[in-house]
Structures are given as structure tokens and as C-alpha cells.
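Chemist: I'd like to ask some things about the structure below.
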């Protein structure tokens, strides 16, 4: 959907409506930022595939109930596309969920946001197009930030950080594939099916490799329901609705706050902090992401142009 971004206001939409949409996007981003904390809590009592099955299975049921009319009209092509995207999403969340067992919430939030940098790099590789200078510059800054955030005194990176970076790469792949598959299908129905197939893969792997069970403590129930209802179902529905009434400019800028919210929740609820070099690295990663994502066209006046309109469920 094309939107006018030069004025910062979507055609035909009042400023009050756009302000409400931006606020909704901020809430969605905050919910996504909290997902790292809730996943970490859930892993204390629920195994990885079991957690994925519960999170996405419940989210699929809730989102499907809200948009049931769209699901009634789906065709086989949409179901097949949903299966492909759900499979990629399952692999993505498998490596991220396992990675969270071995790294901090703050590290995970900032490292996963590197998907914004990976997208233009993958597009350049796949379509043999030289990446823009801003992307190259952003990658350089981000790599420096990764080193400061993750490397130990022995100059090694722990397995959890590596898996989160791998998850960011898979998310970049998901964004590119989603962009290619949503041209001629109902994107909301496709997104709902994606949640369902992700949950189904999680259940299948849990049945074979784990002993799946429902949460058995209040804390684990809170984490699963928060991930399912707040981070997935409401996050998905809110993002889909809000983006109709705001610009890609505002969307991209607001989404960039996700790792900041992740670190903030980690500090407030589990008193997680970083070393001084870690904070410097996190800031550099954020600067690298913003550099790769936005462009400055006039001196002293920034006009932001979102590179890829992606979403997280």
C-alpha cells in the first residue's frame, strides 16, 4: 500500500487518527520488547518446542477468531504459502528460544534487531545488487557494536548470542519471502495461517523430543498467556490495523525501539544490567540499524524512508 511520506501524514487520514495509530504501534513495539523477558521466564518450567507450540497455537486460535471471515475465504495457495512461512518462523523461533537459554534478555533484544541490517544485505546478494553506502556503513557500526556487546576477554562469542544472531538472519529471510508471497493473497489470513503452522511444528517436535504439558505454575501460565495474547495475537492484530493509518516512516522509527524496551523490561523486572562496553555496543548496534534503515536527503533535515516493511508475531 503506497503512502505519502513527505508530509508525514497518510492521504485521507487525519492527524488525530495517525497519532492514535502511532501510539498503537508504540504499544505493539513495547509488547514485542517484552517477549524476550516472558520467553526467558517460560523456559524455567517449559521446554523449547512445548513453549513454541503453546505460544503460537493459542495466538492462532485468538487471531483466527477475530478474523474468521477471512479464513473462510482462503484458497489452497494461501494455505501453502502459510505453510512455507510458518516453517521458516518455526526455525526462527527455535534458534531464538534456545538462544535465550544461554544469553541475557538485553543481548537478545539488540542482537535480534540486526535483521534490519541483514535484509538489504541479503537482497544485495540474492539480486546481485550492490548495497547502498548507508547499509555498508550501518553494517560496519553494527559489527563493532556486536563485538563490544558479546565478545569475552578470550575474544569468543557464547552460543546463545550466536543463535540470536542466526535468528535475526532467519527473520530477515522471512521478511523477504513474506514480501514475495503476499502480492496476490490476503496478507492477514496468510499471517494467521503462519501462526498456526508454527504452532503445529512446535507441537510435532515437542511430541517426539519432549514431554509436552500445560503450564503448571502461575508464573509459567503468565509467561505463556502474555506471549500468546499480548506479544503474538494482539501484537499481530494491532500492527496490522495501525499500519493502515500511519506512514512507513513512523512505523520504522517506532519499531527500532524494540531492543530498548527489551533492555528496559530486563532491568525493571529481573535487575539485568550490562557492562560498560555492553552498553556502548548496544548503542552502536542501534545507531547501525538506524543508519541502514533511514537516509538523510537534505542537510539538517532528516527524511526517513523505511527499507523494509516487516513485522514480528
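Residue numbers (this note's numbering): 96 to 408. Even for Gly, the Cβ is constructed at its ideal location relative to N, Cα and C.
1. By the 10 Å Cβ neighbour count, where 16 or more other Cβ atoms means buried, how is residue 319 classified, buried or exposed?
2. Are the beta-carbon atoms of residue 198 and residue 262 separated by less than 8 Å?
3. Please go through the same chain and pick out, in chain order, the residues whose beta-carbon is closer than 8 Å to the beta-carbon of residue 174, but skip the five residues on each side of it.
4. Round the Cβ separation of residue 315 and residue 137 to the nearest angstrom and send it over; I've been treating them as touching at under 8 Å.
5. The alpha helix (DSSP H) with residue 182 in it runs from where to where?
6. Are there 16 or more other CB atoms within 10 angstroms of the CB of residue 96, so buried, or fewer, so exposed?
7. Excluding the 5 residues preceding and the 5 following residue 123 in the sequence, name in chain order all residues of the same chain whose CB lies nearer than 6 Å to its CB.
8. Tell me which same chain residues have a C-beta within less than 6 Å of the C-beta of residue 155, skipping the five on either side of it?
9. If we count the other Cβ atoms within 10 Å of its Cβ and call it buried at 16 or more, is residue 74 buried or exposed?
10. Use the C-beta contact count for residue 365: other C-beta atoms within 10 angstroms, 16 or more gives buried, fewer gives exposed.
11. Where does residue 155 sit, in a helix, a strand or coil, going by DSSP?
12. Near residue 127, which residues of its chain fall below 7 Å by C-beta distance, leaving aside the five closest residues on each side in sequence?
13. Contact check, residue 187 vs residue 265 under 8 Å by CB: the rounded distance?
14. Which residue's Cα is closest to the Cα of residue 209: 238, 360 and 139?
15. Considering Cα atoms alone, identify which of 372, 321 and 360 is closest to residue 157.
16. Measure the alpha-carbon distance for residue 235 versus residue 383 and round it to whole angstroms.
17. Residue 259: which of 269, 233, 189 and 305 sits nearest, CA to CA?
18. So the candidates are 118, 161, 202 and 194; which of them puts its Cα closest to the Cα of residue 373?
19. Alpha carbon to alpha carbon, how far is residue 243 from residue 146?
Modeler: Reading off the structure:
1. The sequence position of residue 319 within the chain shown is 224, counting from 1. Buried: at least 16 other Cβ atoms inside 10 Å.
2. Stepping through the chain shown from its first residue, residue 198 is reached at position 103. Stepping through the chain shown from its first residue, residue 262 is reached at position 167. Their beta carbons are not under 8 Å apart, which means residue 198 does not touch residue 262 by this criterion.
3. Position 79 of the chain shown, counting from 1, holds the residue named residue 174. Close CB contacts of residue 174 within its chain, under the 8 Å cut and outside five residues either way in sequence, are with 288 (chain order).
4. Locating residue 315 in the chain shown gives position 220, counting from the first residue. Locating residue 137 in the chain shown gives position 42, counting from the first residue. Sure, about 6 Å apart at Cβ, within 8 Å.
5. For the purposes of this step, residue 182 is taken as residue 87 along the chain shown, with counting starting at 1. Looking at the DSSP string, the run of the alpha helix (DSSP H) that includes residue 182 is 171-195.
6. As a working mapping, residue 96 is identified with position 1 in the chain shown. Because residue 96 carries a pLDDT of 34, less than 50, the predicted location of this residue cannot be relied on, and the following value inherits that uncertainty. Residue 96 comes out exposed.
7. Taking the chain shown and counting its residues from 1, one reaches residue 123 at position 28. 330, 333 and 334, listed in sequence order.
8. Here residue 155 refers to the residue found at position 60 when the chain shown is read from its first residue. Around residue 155: 290, 291 and 294.
9. Since the first and last residues shown for the chain are 96 and 408, residue 74 lies out of range.
10. Within the chain shown, residue 365 is the residue found at index 270, counting from 1. The residue is exposed, with fewer than 16 neighbouring Cβ atoms inside 10 Å.
11. For the purposes of this step, residue 155 is taken as the residue at position 60 of the chain shown. Residue state, collapsed to three classes: helix.
12. Translated into the one-based positions of the chain shown, residue 127 becomes position 32. Excluding sequence neighbours, residue 127 sits near 326, 330, 353 and 407.
13. Locating residue 187 in the chain shown gives position 92, counting from the first residue. Locating residue 265 in the chain shown gives position 170, counting from the first residue. So it is a contact: roughly 4 Å between Cβ atoms.
14. Translated into the one-based positions of the chain shown, residue 209 becomes position 114. Residue 209 has its Cα closest to that of 238, out of 238, 360 and 139.
15. Taking the first residue of the chain shown as 1, we reach residue 157 at position 62. Among 372, 321 and 360, the Cα nearest to that of residue 157 belongs to 321.
16. For the purposes of this step, residue 235 is taken as residue 140 along the chain shown, with counting starting at 1. For the purposes of this step, residue 383 is taken as residue 288 along the chain shown, with counting starting at 1. Answer to the nearest angstrom: the Cα atoms are 7 Å apart.
17. Locating residue 259 in the chain shown gives position 164, where the first residue counts as 1. When only C-alpha atoms are compared, the closest one is 189.
18. Here the question's residue 373 lines up with position 278 in the chain shown. Comparing Cα-Cα distances from residue 373 to each of 118, 161, 202 and 194, the minimum goes to 202.
19. On the chain shown, residue 243 is found 148 positions in, with the first residue counted as 1. On the chain shown, residue 146 is found 51 positions in, with the first residue counted as 1. Answer to the nearest angstrom: the Cα atoms are 31 Å apart.
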